[in-house]
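Colleague:
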Amino acid sequence: MRKSLLAIAIGASLTIGACSDDKSTVQTESAEAASQAASTPEAETGAAKMAVASNPLMKPSPLQYQAPEFDKIKVEHYLPAFEAALQESVAEVQAIKENPAPATFDNTIVKLETSGELLTRVTGSFFNASALNSNEKIQELKSEIAPRLTEHMDNIFLDGALFSRVEKIYQQKSELGAEDQRLVDHYYKQFVRAGAKLSEDEKTQIRTINTELSTLSTEYSNNILGSFKNDVILVSDKEQLAGLSEDKISSLAAAAEEAGKQGYMISLVNTTRQPILGSLENRELRQQIWETSAHRLKDKNGALARRMAELRAEKAKVLGYSNWASYVIDERMAKEPAAVFKILGDLAPKAVERVAQETADIEAVIAREGGEFTVQPWDWAYYSEKVRSEKYDLDESEVKPYFELSRVLEDGLFFAMQKLYGITAKPRTDLPVWNPDVVVYEIFNADETPVGLFYLDPYAREGKNGGAWMNEIVTQSHLLKNKPVVYNALNIPKPAEGQPTLLSFGEVGTLFHEFGHAVHGLFSDVKYPSLAGTATPRDFVEFPSQFHEDWSIEPEVLANYARHYQTDEQIPQELLEKILKANKFNQGFDTTEYLAASLLDMEWHSIAPGTKIEDHEAFEKQALAKYGLDLQAVPPRYRSTYFSHIFSNSYYAGYYSYLWTEVFAADAFAYLQEEGGLSRENGDRYRNAILAVGNSTDLMEAYIDFREQEPSVDALLVRRGLLAK
40 MRKSLLAIAI GASLTIGACS DDKSTVQTES AEAASQAAST PEAETGAAKM
90 AVASNPLMKP SPLQYQAPEF DKIKVEHYLP AFEAALQESV AEVQAIKENP
140 APATFDNTIV KLETSGELLT RVTGSFFNAS ALNSNEKIQE LKSEIAPRLT
190 EHMDNIFLDG ALFSRVEKIY QQKSELGAED QRLVDHYYKQ FVRAGAKLSE
240 DEKTQIRTIN TELSTLSTEY SNNILGSFKN DVILVSDKEQ LAGLSEDKIS
290 SLAAAAEEAG KQGYMISLVN TTRQPILGSL ENRELRQQIW ETSAHRLKDK
340 NGALARRMAE LRAEKAKVLG YSNWASYVID ERMAKEPAAV FKILGDLAPK
390 AVERVAQETA DIEAVIAREG GEFTVQPWDW AYYSEKVRSE KYDLDESEVK
440 PYFELSRVLE DGLFFAMQKL YGITAKPRTD LPVWNPDVVV YEIFNADETP
490 VGLFYLDPYA REGKNGGAWM NEIVTQSHLL KNKPVVYNAL NIPKPAEGQP
540 TLLSFGEVGT LFHEFGHAVH GLFSDVKYPS LAGTATPRDF VEFPSQFHED
590 WSIEPEVLAN YARHYQTDEQ IPQELLEKIL KANKFNQGFD TTEYLAASLL
640 DMEWHSIAPG TKIEDHEAFE KQALAKYGLD LQAVPPRYRS TYFSHIFSNS
690 YYAGYYSYLW TEVFAADAFA YLQEEGGLSR ENGDRYRNAI LAVGNSTDLM
740 EAYIDFREQE PSVDALLVRR GLLAK
């Protein structure tokens, strides 16, 4: 696989949905040469040489599509491979910089693009492991590796001689073809934004800030992984679990047993709200769960968040920006923070107005049942389910049996993708995986030509990041002759042994969403890996994923997969209509908690350089009050101490992207519905115009070419139920 140089520095899993900007690999040196580059006096023994030679990370995978040898890679392989990879990368970049020939596109830009084969393979494998199968050893290694990667990338992007070569090509780029020009722009902007034009003193400041940020971000991330293990709620009395199904109770008992505990173990998901609260009747237990979620890591990650925000503001100042948000959004589609604040601010009053209506409905139920309290955040999900049941006569336990995971995947998702794009997915049980629950499919076009590989890791487990995301293990590239290898990671609770995996309707949507990212990587059709697949601006990358969500409710698709797991009975039309009507229920809450998190992100990254924040909770409260979003019953989807998107990933000043791109997604889906809906003609148009181009062209122009106009917000308001159709 090959990452762009900046992606290596960040070490981020674009937890696109949360996702990743991994790029594909190219062979530059043999494993023997790499091992020689890594040699030290202590490593000259025959045993040490043999250990390096047998390291599966030291050479490209021999498997089809360069699929990693997951069954052979061990934790002890990472550090020696990383040491060798750093030395190889230094030598490659040095050769580019010291080339006596005048700088050309081929001898500088293309050489940079094809450099770092070993480093990108090692770091990609390592950071995927840290997201999917972390443990104490991996966390310790991450703390060591991350700052060293940052230092290495600073040495590249702050190198004046190397930048001089890139700048000369940038000044003459008009002589190149369109995609070549796009790649030159990509590298030139990376260097400039990293600080290549700064004075030596300013570069030293940037290096110091980057090193500290890397260390803090890694610590923040490791703390969250520890929280998933430690911040659990253990229930000893089964009666406290009233409201849960027997299958769910069994799964909680199995989770406790697996963790070496007695009773019933409730683990937290990544967000403030916890899905289990929608069913639990015991109010005290609901409050305990919610408070454990909302206040987790406040003594550890609060200080880290404050310091990272302050450091980013200082870095922005050195780079010539008024704040970090201005720096980040300058290269996004939004262009400036004012555009983001406007779209979020304009939507906030509509969402809060809907919340007021939803609150009144909930408190009417509470009063009717004799409750003498106003709705609290731990009450919302439980009583909103009662409201939904009354309005739509819908019981979640009645719905789930029609959404069994394998059927949703194969007869729903893959069926829809075949109708849209003509692709088929064939299981590959011969390829190694990183966990026994992972499944692999080879994707083929309608003409049976191969597209690439798709891995699905569906279940939550200890050592795995929360949430759902996509990553590219190998990125498509005509230059490197690579086909894509991608994966989706979900966090569906694993059922007890022998029980089916039954999904909520929301989890069905998540499956479709993440595969939208997957096809963005799979259908990429560009020359250069740095411009391929999901390597787009943050406020575009969520467009394909959100666009694909809506195919889960396409009538023809639903009819094919929504069948009872025991009887094979198709979901009754009456129940289906209830689900579809209820799909827009609670959108005031959903939109408000999202807006609150998005604006909180923007406020953290709009602080002026020199600002000192003493109390992260006070900062949160003031930030939300500014927009009328400091609602007791509707907290932000993420609070500052577990907001991984912005403090241990690269969505900083970018969480708004989900809403921004939902404008595109809703507009595009509504347009294709007008053009005939689920058809190969529509799918191929979208594939060729949006998914295939990666970041090889101007993306707004690509959208206008596809849609024949800029996107409108009307379809988004309808999609969220905030505007009548």
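Using our numbering, read the sequence shown as starting at 40 and increasing by one per residue.
Even for Gly, the Cβ is constructed at its ideal location relative to N, Cα and C.
No experiment lies behind these values; they were computed from the predicted model shown.
(1) The beta strand (DSSP E) with Thr463 in it runs from where to where?
(2) Hey, is the stretch 636 to 643 in contact with the stretch 688 to 702, meaning 3+ C-beta pairs nearer than 8 Å?
(3) Just the Cα atoms here: how many angstroms apart are Leu668 and Phe708?
(4) Around the Cβ of Ser718, are there at least 16 other Cβ atoms within 10 angstroms (buried) or fewer (exposed)?
(5) How is the beta strand (DSSP E) around Trp508 delimited, first residue to last?
(6) What's the C-alpha gap between Glu824 and Lys98?
(7) By Cβ distance, which residues of its chain are closer than 6 Å to Ser69, with the 5 residues on each side in sequence left out?
(8) What ranges does the beta strand (DSSP E) occupy inside the stretch 394 to 482, keeping only unbroken runs of at least 3 residues that lie completely in it?
(9) In angstroms, rounded to a whole number, what distance separates the CA positions of Glu720 and Ile462?
(10) Determine the extent of the beta strand (DSSP E) in which Gly491 is found, giving its start and end residues.
(11) Nearest-angstrom Cα distance between Ile208 and Thr143?
(12) So, is the C-beta of Tyr259 closer than 8 Å to a C-beta in chain D?
(13) Within the same chain, show all residues whose beta-carbon is closer than 6 Å to that of Arg393, passing over the 5 residues directly before and after it, in chain order.
(14) What's the C-alpha gap between Ser332 and Thr310?
(15) With three or more beta-carbon pairs closer than 8 Å as the criterion, would you say the stretch 450 to 467 touches the stretch 548 to 555?
(16) Would you mind working out which of Phe483, Tyr460, Leu492, Glu449 sits nearest Asp469, comparing C-alpha positions?
(17) Note down the Cα distance separating Ala664 from Gln612, rounded to an integer number of angstroms.
(18) Can you give the Cα-Cα distance for Tyr227 and Leu350, rounded to whole angstroms?
(19) Where does the unbroken alpha helix (DSSP H) through Met192 begin, and where does it stop?
(20) May I ask you to report which of helix, strand or coil DSSP gives Phe562?
(21) Near Asn194, which residues of its chain fall below 7 Å by C-beta distance, leaving aside the five closest residues on each side in sequence?
(22) Could you tell me whether the Cβ atoms of Leu252 and Asp496 are closer together than 8 Å?
(23) Among Ser645, Leu730, Glu740, which has the Cα closest to the Cα of Met347?
(24) Output needed for Gln748: all residues of its chain with C-beta closer than 6 Å, excluding positions within five of it in sequence on either side, in chain order.
(25) Tell whether a beta-carbon distance below 8 Å holds between Trp329 and Trp417.
(26) Distance, Cα to Cα, Thr247 vs Pro186?
(27) Flag this pair as touching only if the stretch 413 to 432 and the stretch 614 to 633 have three or more C-beta atom pairs under 8 Å; answer yes or no.
(28) Tell me where the alpha helix (DSSP H) around Ala134 begins and ends.
(29) Quick check: Gly722 and Ser563, are their CB atoms within less than 8 Å of each other?
(30) What is the C-beta distance between Leu529 and Ala507, in whole angstroms, given that I count them as a contact (C-beta under 8 Å)?
(31) Would you call Ala395 buried or exposed, if buried means 16 or more other Cβ atoms sit within 10 Å of its Cβ?
(32) Below 8 Å, how does it come out for the stretch 379 to 394 and the stretch 278 to 290: are there three or more Cβ pairs, yes or no?
(33) Quick check on DSSP: helix, strand or coil for Gln609?
(34) By the DSSP assignment, the beta strand (DSSP E) with Ala528 in it spans what residues?
(35) Which same chain residues end up closer than 6 Å to Ser169 when comparing Cβ atoms and leaving out the 5 residues on each side of it in sequence?
(36) Short of 8 Å in beta carbon distance, which residues of its chain neighbour Leu518, apart from the five on each side in sequence? Order them along the chain.
Modeller: Result, derived from the coordinates:
(1) 463 to 466
(2) yes
(3) 30 Å
(4) exposed
(5) 508 to 513
(6) Limits of the chain in this structure are 40 at one end and 764 at the other, which puts residue 824 out of reach.
(7) The predicted model places Ser69 with a pLDDT of 32, which falls under 50 and marks its position as unreliable, so this point remains unresolved.
(8) 463 to 466
(9) 13 Å
(10) 489 to 498
(11) 6 Å
(12) Absent from the structure is chain D; it holds one protein chain and no more.
(13) Gly627
(14) 8 Å
(15) yes
(16) Leu492
(17) 44 Å
(18) 24 Å
(19) 175 to 196
(20) coil
(21) none
(22) no
(23) Ser645
(24) none
(25) yes
(26) 10 Å
(27) yes
(28) 114 to 136
(29) no
(30) 5 Å
(31) exposed
(32) no
(33) strand
(34) 524 to 531
(35) Ile177, Lys181
(36) Val65, Val149, Glu152, Thr153, Lys566, Tyr567, Pro568
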